[in-house]
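Let me begin by presenting the structure, written as structure tokens, before commenting on it.
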Amino acid sequence: MKKVLILGSGFAGIQAAIELQKQNKFEVTVISDRDYMYIYPISIWVPVQMIEFENVKVPLTDIQKKYPFNIIIDSVKEIHTFEQSVICEKQTLYYDYLIVAFGAEKMKHKGIENTLSICGKPEIAVSIRNQLTELIEQGHGKIAIGFGGNPKDKSDLVTKYRLCIFAEKKL
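Under this note's numbering, the first residue of the sequence shown is numbered 26, with each subsequent residue one higher.
Shown next, in the form of structure tokens:
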């Protein structure tokens, strides 16, 4: 069987693994630096304690039970296309086909190191939650919230409303 390596365990990587595994024509391996798939769309509720961090994660082994692809938890360091190999922190893997599904990386503008965004690493949502809780327990302080998107789309108001409700409950 031809070997397919999928780099990343987000929506694209896992969907690719499922679809390829259904065909039963490939040996499919997902390489990820974490053992879970993170559900970003609902992670917005973690900072305001409307959902727990653990409930935003789906263990890769749960998905693997239904669609038996291989899982390797490791960090990708290099991709060598001519050798058809992927160098990871702990091992080197070879492939016939490669799918790169790491997800988008945000541009790092000056000053960004002083901000937190739920669009980043999953652990950031917990950090935001903890900092919000600390701020509310102090009873004073400053918070700045930025939202981007279509100005005619009012859906961002839901997030602002939830944050206000959260703060109100804690005060």
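All C-beta atoms, glycine included, are put in the ideal place defined by N, C-alpha and C. Bear in mind that the values here come from a model prediction, so they are computed numbers and not experimental data.
Scanning its chain for C-beta atoms nearer than 7 Å, with the 5 sequence neighbours on each side dropped, one finds around glutamine 46 the residues Val53, Tyr92, Pro93, Phe94, in chain order.
In the DSSP assignment, glutamate 52 is bridged to Lys28. The criterion of a C-beta distance shorter than 8 Å is not satisfied by aspartate 60 and leucine 30. Here the alpha carbon of glutamine 163 sits roughly 18 Å from the alpha carbon of valine 151. For the set Ile76, Lys115, Met75, Asn155, the Cα lying nearest the Cα of valine 101 is the one of Lys115.
Annotated three-state conformation of serine 34 is coil, per DSSP. Residue environment analysis places leucine 157 among the buried positions, since at least 16 neighbouring C-beta atoms fall within 10 angstroms of its C-beta. Listed in chain order, the non-local C-beta contacts of glutamate 77 below 8 Å within the same chain comprise Val71, local neighbours out to five positions each way being set aside.
For valine 151, the uninterrupted alpha helix (DSSP H) run begins and ends at 148-163, by DSSP. Look at isoleucine 168 here: in three-state DSSP terms it is coil, with no helix or strand label.
Per DSSP, leucine 85 lies in no beta strand (DSSP E) segment; the continuous alpha helix (DSSP H) that holds it begins and ends at 85-91. Listed as beta-bridge partners of serine 110 by DSSP are His105, Tyr119. The residues Leu160, in chain order, have a CB closer than 8 Å to that of glycine 166 in the same chain once the five nearest residues on each side in sequence are set aside.
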